[in-house]
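One structure is given here, and the rest of the page talks about it.
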Amino acid sequence: MDLTPIWLTLKLAAITTFLLLAIGLPIAWWLSKSRSFFKIIIEAVITMPLVLPPSVLGFYLLLAFSPQHGIGKWLHKAFDIQFVFSFQGLVLASVIYSMPFMIGPIKSALQQLPVSLSQASYSLGKTKWQTFIKVLIPNIKPSLLTALVLTFAHTLGEFGVVLMIGGNIPNVTRVASIAVYDSVEQMDYTSANGYSLILFAVTFVMVIAVFIFNKYQLKSPLE
Amino acid sequence: MISIDIEKKLRTYKGEQLLKIARQFPTGSITKIYGPSGAGKTTFLKIIAGFVRPEKGRIIVDGNIWYDSGPELFVPPQKRMAGFVFQDYALFPNMNVLEHLEYATNDNDWIKTLLSIGKLENLILHKPQYLSGGQQQRLAILRALAIKPKLLLMDEPFSALDPKMKTDLIGKLKILFDELKCTVLVVSHNQQELEELAENEMSITDTNDNGQV
Chain A
1 MDLTPIWLTL
11 KLAAITTFLL
21 LAIGLPIAWW
31 LSKSRSFFKI
41 IIEAVITMPL
51 VLPPSVLGFY
61 LLLAFSPQHG
71 IGKWLHKAFD
81 IQFVFSFQGL
91 VLASVIYSMP
101 FMIGPIKSAL
111 QQLPVSLSQA
121 SYSLGKTKWQ
131 TFIKVLIPNI
141 KPSLLTALVL
151 TFAHTLGEFG
161 VVLMIGGNIP
171 NVTRVASIAV
181 YDSVEQMDYT
191 SANGYSLILF
201 AVTFVMVIAV
211 FIFNKYQLKS
221 PLE
Chain B
224 MISIDIEKKL
234 RTYKGEQLLK
244 IARQFPTGSI
254 TKIYGPSGAG
264 KTTFLKIIAG
274 FVRPEKGRII
284 VDGNIWYDSG
294 PELFVPPQKR
304 MAGFVFQDYA
314 LFPNMNVLEH
324 LEYATNDNDW
334 IKTLLSIGKL
344 ENLILHKPQY
354 LSGGQQQRLA
364 ILRALAIKPK
374 LLLMDEPFSA
384 LDPKMKTDLI
394 GKLKILFDEL
404 KCTVLVVSHN
414 QQELEELAEN
424 EMSITDTNDN
434 GQV
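Protein sequence lines, in the order shown, are assigned to chains A and B. Each residue of the first sequence is one higher than the one before, starting from 1 at the first, in this note's numbering. Each residue of the second sequence is one higher than the one before, starting from 224 at the first, in this note's numbering.
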């Protein structure tokens, strides 16, 4: 059994989780504060991948980043970047597809913190950024961990989006979920079982770890 | 001198009512603010601290304009640095007693003094969830004092303290306020309370348009 799809999957999940942490934290913070109609629209767009068939999202990403059209053509000409049928394309699709799993739990946790925590920090002369890093983030740790694990695990399990934008190119875009499908197509049930078992074990261990951490962590009474 | 003249619409269960306050507080004075629940006592303190924006008026503190609705001037709470003791304490669950004070100030001698005033020296490594209600309330007061504020706003700050602790703490705080030349506004729902601390008093009633104080 070729283990490259497993490494590729883990690499994709790790990069996606890291990027989404960097992008998701400020967006979740922004969304957690007072609501406006514009924010509702943005939140709806971020939540869409939860309900949209992955193939639909993949289809539109394929169209948008095709080197023959619009943005894809411009990116290809100006920066020689091609998102279709490439690993960076998988990363882009995964970031969009897993975004609600990162932003949702963080936003909810931030909204549940009493507003007086931020106000107390401001009254001590601390900036919004200092307050976010030193007061807000440390008090939503369990939710932050849940968001990280959900994002990682969800990226491991991607199929439709990845297949649409990345195809099935060995060593480039052939991730584990696609390798399972491909092996079954070729009647190679041994490999399909190998990939499936590894994916099952990794996700199971991760989910169990979160449950244990959140059970035994001395959670703040505010959460 | 702190000069306040503000108007703010409050949404209450009885409908909308107007909080309208025009009052001056001499520098270094201690004023007790009392009135029924929902009259706007906490909102008044939050307006001064900059957490809530009034609709109209001016707030001038020692000659500095903190808020003016005319030319739309608003100094953010970080620049006002008014010490604030919250009714719900608003302690940071991730920080222990010492970290709370170190977050507010780098002055270690001052931290030692404060810990001794609040009798929390033996609890410096405890996080809020392991402190009693009274200990949490004392920590909230100490944290507000850590920045050596020129203006201290306290919302029901002694409600969880037993009578002996309260008298002892108030005695020490009076000396401290005097040293810091700190102007203090302290909210209490009970008019009879805090007579030993405050020399002035102000009532906020839940009347509306004619509720000017």
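Each residue gets a CB set at the ideal place from its N, CA and C atoms; glycine is no exception.
What are the boundary residues of the alpha helix (DSSP H) that includes residue i?
i	result
T127(A)	Here T127(A) belongs to no alpha helix (DSSP H), and DSSP marks it neither H nor E.
G160(A)	G160 to G166
K215(A)	Y189 to Y216
V284(B)	V284(B) -> not in any alpha helix (DSSP H); beta strand (DSSP E) instead, spanning K279 to V284.
R366(B)	G356 to A369
M102(A)	F87 to Q112
D182(A)	A176 to E185
S339(B)	N331 to I340
K39(A)	F37 to V51
T9(A)	T4 to S32
E325(B)	V320 to A327
K350(B)	Segment: none, K350(B) is in no alpha helix (DSSP H) and carries neither H nor E.
A383(B)	Where A383(B) is concerned, there is no enclosing alpha helix (DSSP H), given that its DSSP letter is neither H nor E.
T265(B)	K264 to A272
I71(A)	G70 to F79
Considering only C-alpha positions, which residue in the set the options is nearest to residue i?
i	options	result
L337(B)	W289(B), F267(B), Q360(B) and L365(B)	L365(B)
F400(B)	L420(B), Q414(B), T390(B) and Q310(B)	L420(B)
S34(A)	S66(A), Q111(A) and T173(A)	Q111(A)
N287(B)	K387(B), K373(B) and L346(B)	K373(B)
Q414(B)	M425(B), K404(B) and L408(B)	M425(B)
I369(B)	P316(B), N331(B), K279(B) and V409(B)	Going by the sequence as given, residue 369(B) is Ala instead of Ile. When only C-alpha atoms are compared, the closest one is N331(B).
G228(A)	G125(A), L156(A), Q186(A) and G89(A)	An answer regarding residue 228(A) cannot be provided, because it is not within the stretch 1 to 223 covered by chain A.
G125(A)	R303(B), Q352(B) and L321(B)	R303(B)
H349(B)	L324(B), T328(B), A367(B) and W333(B)	L324(B)
K232(B)	G251(B), K279(B) and I253(B)	K279(B)
F87(A)	F213(A), V161(A) and A120(A)	V161(A)
L346(B)	S252(B), I398(B) and L321(B)	L321(B)
E102(A)	F200(A), E43(A) and L75(A)	What sits at residue 102(A) in the sequence shown is Met, not Glu. Comparing Cα-Cα distances from M102(A) to each of F200(A), E43(A) and L75(A), the minimum goes to E43(A).
L268(B)	T390(B), M377(B), M388(B) and Q247(B)	M377(B)
W7(A)	Y216(A), L163(A), N171(A) and S116(A)	N171(A)
V202(A)	L3(A), N214(A), S183(A) and L156(A)	L156(A)
K39(A)	L197(A), F59(A) and K107(A)	K107(A)
G58(A)	I133(A), L75(A) and F159(A)	F159(A)
A109(A)	V135(A), V95(A), Y122(A) and A120(A)	V135(A)
L417(B)	L384(B), C405(B) and N317(B)	L384(B)
Hey, how far is the Cα of residue i from the Cα of residue j?
i	j	result
D291(B)	E422(B)	29 Å
A14(A)	F152(A)	7 Å
V284(B)	I225(B)	4 Å
N433(B)	D228(B)	Because N433(B) carries a pLDDT of 43, less than 50, the predicted location of this residue cannot be relied on, and the following value inherits that uncertainty. Between N433(B) and D228(B), the C-alpha separation is close to 14 Å.
V207(A)	A245(B)	58 Å
S118(A)	Q301(B)	11 Å
V180(A)	P54(A)	18 Å
Y326(B)	Y97(A)	39 Å
L10(A)	L392(B)	58 Å
W289(B)	A272(B)	9 Å
F79(A)	H69(A)	15 Å
L222(A)	N319(B)	With a pLDDT of only 43 at L222(A), under the threshold of 50, the placement of this residue in the model should not be trusted; the figure read from the coordinates follows. Computed Cα separation, rounded: 15 Å.
S177(A)	A93(A)	15 Å
A28(A)	E230(B)	34 Å
L218(A)	Q352(B)	Confidence at L218(A) is low in this model, with a pLDDT of 49, below 50, so its placement is unreliable and the value that follows should be read with caution. About 10 Å.
V407(B)	G258(B)	17 Å
N431(B)	G261(B)	Only weak support is given to the placement of N431(B): the predicted model assigns it a pLDDT of 48, under 50, and the question is left unresolved by the model.
V436(B)	V275(B)	With a pLDDT of only 42 at V436(B), under 50, the local geometry of the prediction cannot be trusted, and the value read off the model is given with reservation. One C-alpha to the other measures close to 19 Å.
L403(B)	L145(A)	44 Å
F18(A)	L61(A)	21 Å
L31(A)	F83(A)	29 Å
G104(A)	I140(A)	13 Å
M99(A)	L20(A)	7 Å
M1(A)	M164(A)	24 Å
M388(B)	K342(B)	10 Å
S220(A)	P114(A)	At S220(A), the pLDDT of 44 sits below 50, so the modelled position is not reliable; the number obtained from the coordinates is stated separately. Answer to the nearest angstrom: the Cα atoms are 12 Å apart.
F381(B)	F297(B)	31 Å
L63(A)	I71(A)	9 Å
List the residues that DSSP assigns as beta-bridge partners of residue i.
i	result
F59(A)	According to DSSP, which records beta bridges pairwise, F59(A) is partnered with nothing at all.
F307(B)	L376(B)
M425(B)	I256(B)
T406(B)	L374(B)
L296(B)	D291(B)
S411(B)	Y257(B)
On the DSSP letters alone, give me the boundaries of the beta strand (DSSP E) that residue i sits inside.
i	result
F248(B)	G238 to F248
K231(B)	I225 to T235
Please determine whether the Cβ atom of residue i lies at a distance below 8 Å from any heavy atom of the ligand FAD.
i	result
L343(B)	Looking at this structure, you won't find the ligand FAD or any other ligand, since it has none at all.
Looking at chain E, is there any beta carbon in it that lies within less than 9 Å of the beta carbon of residue i?
i	result
K279(B)	Although the question refers to chain E, the structure presented lacks it and instead comprises the protein chains A and B.
**Request:** Examine the Cβ distances between the region 309-318 of chain B and the region 356-363 of chain B and report whether three or more of them are shorter than 8 Å.
**Result:** Flag = yes, the region 309-318 of chain B and the region 356-363 of chain B touch.
**Prompt:** Counting Cβ pairs, one atom from each stretch, are 3 or more of them under 8 Å apart for the region 120-135 of chain A and the region 35-54 of chain A?
**Reply:** They do not touch, by the three-pair rule.
**Three CB pairs or more closer than 8 Å across the region 14-23 of chain A and the region 132-152 of chain A** = Contact between the region 14-23 of chain A and the region 132-152 of chain A is present, because at least three Cβ pairs lie under 8 Å.
**Message:** Between the region 184-196 of chain A and the region 229-244 of chain B, can you find at least three pairs of beta-carbon atoms closer than 8 Å?
**Reply:** The region 229-244 of chain B is not in contact with the region 184-196 of chain A.
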